[in-house]
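Per my numbering, the very first residue in the sequence shown carries number 8; after that it's consecutive.
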Amino acid sequence: MAVIATVLAAGIFALDTFSPLDMAIAVLYVIVVLLSANYFGRTGLLAIAGLCVALALFSFFIMHSDDFDASAVMRCLVSLAAILVTTLLSLKNREATLSLKDQADLLDLTHDAIFVRDDTDTVRYWSKGAEELYGWTRAEAVGQKAAALLRTVFPAPIADIRAELLRTGRWEGELVHRRKSGNEVVVMSRWSLQRDERGRPSVTMETNSDITERRHAEDALHKAQGELAHVTRVTTMGELTASIAHEINQPLAAVVTNGEACLRWLGRPVPDIGEAKASVERMIANGRRASDVVARLRSLARRSDPRHLPVDINEVVDDVLLLVERELSIHRVGLELALDRSVPVIAGDRVQLQQVALNLALNAIQAMDAV
Numbered sequence: 008m009a010v011i012a013t014v015l016a017a018g019i020f021a022l023d024t025f026s027p028l029d030m031a032i033a034v035l036y037v038i039v040v041l042l043s044a045n046y047f048g049r050t051g052l053l054a055i056a057g058l059c060v061a062l063a064l065f066s067f068f069i070m071h072s073d074d075f076d077a078s079a080v081m082r083c084l085v086s087l088a089a090i091l092v093t094t095l096l097s098l099k100n101r102e103a104t105l106s107l108k109d110q111a112d113l114l115d116l117t118h119d120a121i122f123v124r125d126d127t128d129t130v131r132y133w134s135k136g137a138e139e140l141y142g143w144t145r146a147e148a149v150g151q152k153a154a155a156l157l158r159t160v161f162p163a164p165i166a167d168i169r170a171e172l173l174r175t176g177r178w179e180g181e182l183v184h185r186r187k188s189g190n191e192v193v194v195m196s197r198w199s200l201q202r203d204e205r206g207r208p209s210v211t212m213e214t215n216s217d218i219t220e221r222r223h224a225e226d227a228l229h230k231a232q233g234e235l236a237h238v239t240r241v242t243t244m245g246e247l248t249a250s251i252a253h254e255i256n257q258p259l260a261a262v263v264t265n266g267e268a269c270l271r272w273l274g275r276p277v278p279d280i281g282e283a284k285a286s287v288e289r290m291i292a293n294g295r296r297a298s299d300v301v302a303r304l305r306s307l308a309r310r311s312d313p314r315h316l317p318v319d320i321n322e323v324v325d326d327v328l329l330l331v332e333r334e335l336s337i338h339r340v341g342l343e344l345a346l347d348r349s350v351p352v353i354a355g356d357r358v359q360l361q362q363v364a365l366n367l368a369l370n371a372i373q374a375m376d377a378v
């Protein structure tokens, strides 16, 4: 570039000095300054600008040493002013460019994936952290639509997310992206909106932290907690074997008794249909009671993920009391029940709440056993 600038300056000098054209040819020196601005430092650019000024003055004195024509002087001053203004603007632009480069270099130091996209979701900047996380180089990513490139899965409708971004200037949440390799990555994403001088949305800077491993660890922890809760429920049921057998045997024995009574009522010379019907109804009621006990046991033993649904806490307590009645009798522990039937329905997992109430009841029975 130094050779090109030198040759160009020499050509302009020759044209300005020996051309018969009556015009401000020295203005062309600004081309030399502009070409040099991106290749030389501050000192080098000032030296080139000084050389251009010197050549312009030298050419002027060669051509007008005997006659300082006013128009020639004016053309010379215009040329010098153009060279100086171009130099100052080039220096200012260089400083701004270097400042932006330094800031971009600082962004590249972070391990987070940072990219900037405009209001059409087109990527305008792509950090080294983004290259490392997603696999696309800066050249491959810039100009692409961010959501399409990363195949983003949003936690809420994108319209709602953008509305919050426009309203508050920021948004934060978990996103699921895909790398260039096709693998999924879970990120904690933070968006910051920048507006132009008129207050209109300009660009959005998105900072993404990889939390894939943390999310997998949390999922594994939740699974382990579910397994532990299931084992605890099964263990508790083992402790209640006698009570469970009693709760099932009672209605089954009642079914047999009522069945025999029904046969006797029907075996009379004049069958008593009313009494037989009552016996059958009692059989059905006791059968349902046994079925309810089995259903409650199955719900406690079932391996399932927690489900938060509307639950009447009083019904939960009633179900648990049916399971511990035998334990209360064996340990000779009295129970006073005072339920507030006006308690509103809550949102929770029925099985887990039953487990909590059952554990509390058993612990209380065991604590009172020694009294």
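Every residue gets a Cβ at the ideal spot worked out from N, C-alpha and C, and that includes glycine.
| task | State buried or exposed for V192, treating a residue as buried only when at least 16 other CB atoms are found within 10 Å of its CB. | result | By the neighbour-count criterion, in which 16 or more other beta carbons inside 10 Å mark a residue as buried, V192 falls on the buried side.
| query | Can you tell which of A31, T24 and I38 has its C-alpha closest to the C-alpha of T13? | reply | The option with the nearest alpha carbon to T13 is I38.
| request: Can you check DSSP and say which residues form a bridge with F122? | output: By DSSP's assignment, F122 forms a beta bridge with W133 and E213.
| task | Would you mind stating whether V60 and L87 have Cβ atoms separated by less than 9 Å? | result | yes
| query | For R177, does the three-state DSSP call read helix, strand or coil? | reply | strand
| said: Tell me the rounded alpha-carbon separation between E267 and E282. | reply: Cα-Cα distance, rounded: 12 Å.
| Assigned exposure category for G150 - 16 Cβ within 10 Å defines buried | exposed
| Reduced DSSP category for S199 - H, G, I as helix; E, B as strand; rest coil | strand
| message | Whole angstroms are fine: how far does the CA of N366 sit from the CA of R289? | response | Their Cα atoms are separated by approximately 33 Å.
| task | Could you tell me the boundaries of the alpha helix (DSSP H) in which L156 lies? | result | A153 to L157
| Any idea which residues DSSP pairs A354 with across the strands? | P317.
| CB of F259 within 9 Å of CB of A297, strictly | Note on residue identity: the sequence assigns Leu, not Phe, to residue 259. Taking 9 Å as the Cβ cut-off, L259 and A297 qualify as a contacting pair.
| message | Spatial neighbours of V160 within its chain, please: C-beta separation below 6 Å, excluding the five flanking residues on both sides. | response | V183
| Where does H384 fall in DSSP's three states? | The structure shown has nothing for residue 384, since the chain only spans 8 to 378.
| field | Segment contact flag, the region 79-98 with the region 32-49, C-beta cutoff 8 Å, min 3 pairs | value | yes
| field | Neighbour-count burial assignment, E179, 16 or more Cβ in a 10 Å radius | value | exposed
| request: Could you tell me the boundaries of the alpha helix (DSSP H) in which Y36 lies? | output: Y36 to A44
| task | Just grab the DSSP bridge partners of L84 for me. | result | Per DSSP, none; premise fails for L84.
| request: Grab the span of the alpha helix (DSSP H) containing A146 for me, first residue to last. | output: R145 to A148
| task | Please check the pair A154 and D128, which I expect to be a contact at CB under 8 Å, by giving their CB distance rounded to whole angstroms. | result | That belief holds up - the Cβ atoms of A154 and D128 are roughly 6 Å apart, short of 8 Å.
| Closest residue to S209 among D376, V130, Y141 and G57 (Cα-Cα distance) | V130
| Relative to the alpha-carbon of A261, which residue among S286, H229 and F122 has its alpha-carbon at the smallest distance? | The option with the nearest alpha carbon to A261 is S286.
| Between the C-alpha atoms of L346 and E334, what's the straight-line distance to the nearest angstrom? | 21 Å
| field | Nearest-angstrom beta carbon gap, M212 and I121 [assumed within contact, 8 Å] | value | 7 Å
| task | Check each candidate in K230, S216, T214 and G176 and name the one with the smallest Cα separation from G206. | result | G176
| field | Beta-carbon proximity of L52 to L96, cut-off 9 Å | value | no
| message | Using a 10 Å radius around the Cβ and a threshold of 16 neighbouring Cβ atoms, would you call A224 buried or exposed? | response | exposed
| task | Quick one: using the 10 Å Cβ neighbour count with 16 as the cut-off for buried, is L140 buried or exposed? | result | buried
| Between R124 and I69, what straight-line distance do the alpha-carbon atoms span, to the nearest angstrom? | 56 Å
| Under 9 Å between the Cβ atoms of T93 and V40? | yes
| message | So, at 8 Å on beta carbons, what are the nonlocal neighbours of L42 in its own chain, with the 5 sequence-adjacent residues on each side left out? | response | M8, I11, A12 and L15
| message | Given a cut-off of 9 Å on the beta-carbon distance, is the pair L342 and L328 in contact? | response | yes
| task | Would you mind stating whether S216 and G142 have Cβ atoms separated by less than 9 Å? | result | no
| said: Do M375 and V331 count as a contact pair if the criterion is CB distance below 9 Å? | reply: no
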